[in-house]
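These protein sequences, in sequence, are chains A and B. Residues in the first sequence are numbered from 567 upward in steps of one, following our numbering. Residues in the second sequence are numbered from 262 upward in steps of one, following our numbering. Data first, discussion second: the structure below is written as structure tokens.
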Amino acid sequence: MHEISIAESIVQIAEAKAREQNARSVQIIKLRLGTFTTIVADALQFAFEIARQGTLSRDARLDIEIVPMVVRCVVCEASTQPVRGVCLICEQCGFPLEIISGEELQIEYIEVDSGKEKSPWSQYQNEFQSKPMY
Amino acid sequence: MNLMSAPGAGKTTLLEATIKALQGKFRLAVIEGDLQTDLDAQRIQALGVRAYQITTGTTCHLDARMVARALDAFPVNDLDLLVIENVGNLICPASFDLGESLRVVVCSVAEGPEKPKKYPVMFNKANVVLINKIDLAEASGMDLKELTANVREVNPNATIFALSARTGEGMPVWTDWLQRAVAVHASVAMVSV
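Structural data, given as structure tokens:
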């Protein structure tokens, strides 16, 4: 169950980012997860539900995009998606294959509730606030 | 160096043999990771080498935070090589980068030739694969060529050594390689500073 420690780290990262933005809560955490990792999406979802308790992410949704493993031959450039078992030697020419994708464990974005009313004036408000105050 | 394997592949015995061969040639220390007990750290300390035991409780791997905490109590500034012996496990440790510059995976002949195919992530991430206990190859009915080919399938670039930490067969080739790797790493690190 190493998904628990991964989920804890994700929640900590979201917490830090949300506080940076003075956000009230975290709404969505978007994660890209490769199939050539040892992390299981279902187990991570389960762990996330536990890890988020008592944090700004307590009501957040964890969106996991599964990134398939894609390998490419360094010589003939043929690319394939290994389905059953992993063989990183090119069937065509016998040279090593490089992994193009499938090793991802990456937070793509975090959506937070900033607590600000979304009024037609909000953009001007932001503009005003971002000016240095002397 | 992050040293990983399934439980019982012989990581600690290999480490003892490696230390005996390299003692005096460079300064090294060991961080041991286990769920329980400091038996492994005791084995390393018995050779006169500094060792620190991390007990993870129930956690199946070491992560960078555990190592960082260990380093607070275990200074490693004056070393040429820090070995981190991970928890015996071919799954979880593959996903946790400890900040190492060298990943070594040990696989013993008694584990069967299919191990690399069954645990491709772990074997794929190894820089070096050490096939241990070759003195038991015949008794285990292991064809070393088959095992080597299976390592190559999931990691065409791995450096592979076949050895027996217990009898010493094949050990000098590995320890010579490691000694050179440490020297090369030190010179590269010095240039980048």
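Each residue gets a CB set at the ideal place from its N, CA and C atoms; glycine is no exception. What you are looking at is a predicted structure, and each value in this text was computed from that prediction instead of being measured.
Check: residue i C-beta below 7 Å from any heavy atom of the ligand HEM
{"i": "D404/B", "result": "What this structure holds is no ligand at all, so the ligand HEM is not there to describe."}
Cα-Cα separation between residue i and residue j, rounded to whole angstroms
{"i": "Y700/A", "j": "R627/A", "result": "For Y700/A, the predicted structure reports a pLDDT of 43, less than 50, and the residue's modelled location is therefore unreliable. A value from the coordinates is still provided. Cα to Cα, Y700/A sits roughly 40 Å from R627/A."}
{"i": "I572/A", "j": "V382/B", "result": "17 Å"}
{"i": "E569/A", "j": "D608/A", "result": "9 Å"}
{"i": "K378/B", "j": "G402/B", "result": "18 Å"}
{"i": "S667/A", "j": "I352/B", "result": "19 Å"}
{"i": "R618/A", "j": "F612/A", "result": "10 Å"}
{"i": "F384/B", "j": "I605/A", "result": "16 Å"}
{"i": "R650/A", "j": "N588/A", "result": "47 Å"}
{"i": "C642/A", "j": "R330/B", "result": "46 Å"}
{"i": "R441/B", "j": "K682/A", "result": "60 Å"}
{"i": "N692/A", "j": "S680/A", "result": "With a pLDDT of only 47 at N692/A, under the threshold of 50, the placement of this residue in the model should not be trusted, and no figure is reported."}
{"i": "I392/B", "j": "E677/A", "result": "47 Å"}
{"i": "N388/B", "j": "E414/B", "result": "14 Å"}
{"i": "Q593/A", "j": "F614/A", "result": "13 Å"}
{"i": "S696/A", "j": "D625/A", "result": "For S696/A, the predicted model reports a pLDDT of 44, less than 50, meaning its position is unreliable; a value from the coordinates is still stated below. Using only the alpha carbons, I get a separation of about 29 Å."}
{"i": "H322/B", "j": "L610/A", "result": "16 Å"}
Sequence-distant residues of its chain with Cβ nearer than 8 Å to residue i (five each side left out)
{"i": "V310/B", "result": "I280, Q284, L289, A290, V291"}
{"i": "M432/B", "result": "A278, T279, A282, L424, S425, A426"}
{"i": "E361/B", "result": "M262, N263, I345"}
{"i": "P648/A", "result": "M635, V637"}
{"i": "Q306/B", "result": "A312"}
{"i": "G269/B", "result": "G349, S369"}
Buried versus exposed, by CB contacts within 10 Å (16 or more), residue i
{"i": "N338/B", "result": "exposed"}
{"i": "Q297/B", "result": "exposed"}
{"i": "N460/B", "result": "A query on residue 460/B cannot be resolved here, the shown segment of chain B reaching from 262 to 454 and no further."}
{"i": "C639/A", "result": "buried"}
{"i": "S448/B", "result": "exposed"}
{"i": "D437/B", "result": "exposed"}
{"i": "G349/B", "result": "buried"}
{"i": "R326/B", "result": "exposed"}
{"i": "P354/B", "result": "buried"}
{"i": "D358/B", "result": "exposed"}
Residue i in three-state terms, based on DSSP
{"i": "A312/B", "result": "strand"}
{"i": "M262/B", "result": "coil"}
{"i": "P764/A", "result": "As displayed, chain A neither begins before 567 nor continues past 700, which places residue 764/A out of reach and without an answer."}
{"i": "Q297/B", "result": "coil"}
{"i": "E372/B", "result": "helix"}
{"i": "I392/B", "result": "strand"}
{"i": "E574/A", "result": "helix"}
{"i": "F707/A", "result": "The requested residue 707/A is not part of the displayed model; chain A covers only 567 to 700."}
{"i": "R326/B", "result": "helix"}
{"i": "Q303/B", "result": "helix"}
{"i": "I352/B", "result": "coil"}
{"i": "F551/A", "result": "Any answer about residue 551/A is impossible in this case: the structure gives chain A only from 567 up to 700."}
{"i": "L283/B", "result": "helix"}
Residues near residue i in its chain [Cβ-Cβ closer than 7 Å; skip 5 each side]
{"i": "R304/B", "result": "T273, E277"}
{"i": "Q654/A", "result": "The amino acid at residue 654/A is misidentified as Gln; the sequence shows Leu. Hits under 7 Å: V637, P662, L663."}
Contacting residues, own chain, Cβ-Cβ under 6 Å from residue i (five flanking each side not counted)
{"i": "V428/B", "result": "The sequence shown places Thr at residue 428/B, not Val. Cβ within range, chain order: D396."}
{"i": "G600/A", "result": "V633, G668, E669, E670"}
{"i": "Q314/B", "result": "E293, D299, A302"}
{"i": "V577/A", "result": "A617, R618, T621, S623"}
{"i": "A644/A", "result": "Q658"}
* Asked: Does the stretch 407 to 424 of chain B come close enough to the stretch 369 to 380 of chain B to have 3 or more Cβ pairs within less than 8 Å?
  -> yes
* Asked: Counting pairs of beta carbons, one from the stretch 673 to 682 of chain A and one from the stretch 589 to 599 of chain A, are three or more of them closer than 8 Å?
  -> yes
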